[in-house]
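In the numbering used here, each residue carries its 1-based index in the sequence shown increased by 5. These notes concern the structure reproduced below.
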Amino acid sequence: MENKVISNVEKFVKEKLEQERSGHDWWHIARVRKLAIEIGEKEQCNLFLVELSALLHDVIDEKIEEKTRIELSQLKSFLNNLDVDVRTIQEVVSIITSISFSTRSSLPLSTEGQVVQDADRLDAIGAIGIARTFTYAGSRGHLIYDPNIKIREEMTYNEYRNGPSTAINHFYEKLLKLKKWMNTETAKKMAEQRDEYMKRFLQQFHNEWNI
Ligand code: ADP
Ligand code: NI
6 MENKVISNVE KFVKEKLEQE RSGHDWWHIA RVRKLAIEIG EKEQCNLFLV
56 ELSALLHDVI DEKIEEKTRI ELSQLKSFLN NLDVDVRTIQ EVVSIITSIS
106 FSTRSSLPLS TEGQVVQDAD RLDAIGAIGI ARTFTYAGSR GHLIYDPNIK
156 IREEMTYNEY RNGPSTAINH FYEKLLKLKK WMNTETAKKM AEQRDEYMKR
206 FLQQFHNEWN I
């Protein structure tokens, strides 16, 4: 039963995100799913809920291009049609609506939610994180870097979404903070090497910039 749900959801998400070009493509989802299971195995939690939420964590997000996004109501009926029980549906919805940066709510996350959020954050740092940052910046028409655009260490949500930024600023505005924001010790450890690598990249970038 759980396997059937997972394979149906996987197929659905793959098709949905096929056209996504802002860094939330299927392979982001596949990496987050794998990382979430890896972290989840070390924590006491429901791995079915972790895998399901990881697969679905980006399809309702407002950052996703409109043509690849779905409404919450659509998602609920899709899961309902797969005979997922109401409680699990509620838990998945609660996890995916609260983990994204934009819709971050003040409600405490369940352990499963913390695990998926950590996996999503791990995929935003390190070499993969660097690649995704420039893809995202390109998709929004942002510059690689502009020393005249100030780094905003503390930002409101609207500033974060709409203010002028550059790909390099994004590292200081968000990515270098993610290691300390990890919920689980497992993810914190996994973040270390990725964080170091980003710092080395930034150092090299500024050395080469030389203007
Ligand atoms: P997530 O999949 O974690 O919800 P986001 O939607 O916040 O990620 O971002 C998708 C990718 O784009 C991430 O790698 C993130 O670091 C990057 N990104 C988000 N906002 C910006 C920005 N303003 N400039 C550059 N990269 C960004
Ligand atoms: Ni994501």
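Heads up, the beta-carbon is just placed ideally off N, CA and C, and yes, glycines get one too.
Return the CA-CA distance between residue i and residue j, expressed in angstroms with no decimal places.
i: Met6; j: Lys194; result: 34 Å
i: Gly131; j: Thr191; result: 16 Å
i: Leu80; j: Tyr141; result: 25 Å
i: Gln24; j: Asn13; result: 19 Å
i: Gly118; j: Ile216; result: 44 Å
i: Val37; j: Arg157; result: 28 Å
i: Ser103; j: Gln198; result: 27 Å
i: Ala59; j: Tyr177; result: 26 Å
i: Val64; j: Ser144; result: 18 Å
i: Leu40; j: Lys179; result: 20 Å
Is any heavy atom in the ligand NI found nearer than 7 Å to the beta carbon of residue i?
i: Val37; result: yes
i: Asp63; result: yes
i: His33; result: yes
i: Asp123; result: no
Could you check where the alpha helix (DSSP H) with residue i kicks off and where it finishes?
i: Leu61; result: Leu52 to Leu61
i: Leu112; result: Segment: none, Leu112 is in no alpha helix (DSSP H) and carries neither H nor E.
i: Arg150; result: With the sequence shown as reference, residue 150 is identified as Tyr, and Arg is not the correct amino acid for it. No alpha helix (DSSP H) contains Tyr150, which DSSP labels as neither H nor E.
i: Gln225; result: Summary: the structure shown does not reach residue 225, with the chain confined to residues 6 through 216, and so no result is reported for it.
i: Gly45; result: Trp31 to Lys47
i: Lys185; result: Leu183 to Trp186
i: Thr102; result: Val91 to Ile104
i: Glu7; result: Glu7 to Lys21
i: Ala172; result: Ala172 to Glu178
i: Gln24; result: It is not in any alpha helix (DSSP H) - Gln24 carries neither H nor E in the DSSP assignment.
i: Lys81; result: Leu77 to Asn86
So residue i packs on residue j, CB below 8 Å; how close in whole Å?
i: Asp123; j: Thr189; result: 5 Å
i: Ser115; j: Glu96; result: 7 Å
i: Arg126; j: Trp214; result: That belief does not hold up - the Cβ atoms of Arg126 and Trp214 are roughly 27 Å apart, past 8 Å.
i: Arg55; j: Val121; result: It is Val, not Arg, that sits at residue 55 in the sequence shown. At roughly 6 Å, the Cβ-Cβ gap stays under 8 Å, so Val55 and Val121 are in contact.
i: Ile154; j: Pro169; result: 5 Å
i: Val10; j: Leu87; result: 5 Å
i: Leu61; j: Ile101; result: 5 Å
i: Ile135; j: Met203; result: 6 Å
Should residue i be counted as a contact of the ligand ADP given a C-beta to heavy atom distance under 7 Å?
i: Tyr150; result: no
i: Asp30; result: no
i: Leu87; result: no
i: Arg137; result: yes
i: Ala172; result: yes
Identify which residue in the options has its Cα closest to the Cα of residue i.
i: Pro152; options: Trp31, Ile173 and Gly146; result: Ile173
i: Leu207; options: Leu112, Ile154 and Leu181; result: Leu181
i: Gly28; options: Lys68, His147, Lys184 and Asp90; result: Lys68
Please tell me whether, using a cut-off of 7 Å, the distance from the CB of residue i to the nearest non-hydrogen atom of the ligand FMN is below it.
i: Asp66; result: Absence of the ligand FMN is noted for the structure shown, with the ligand ADP and the ligand NI being the only ligands found.
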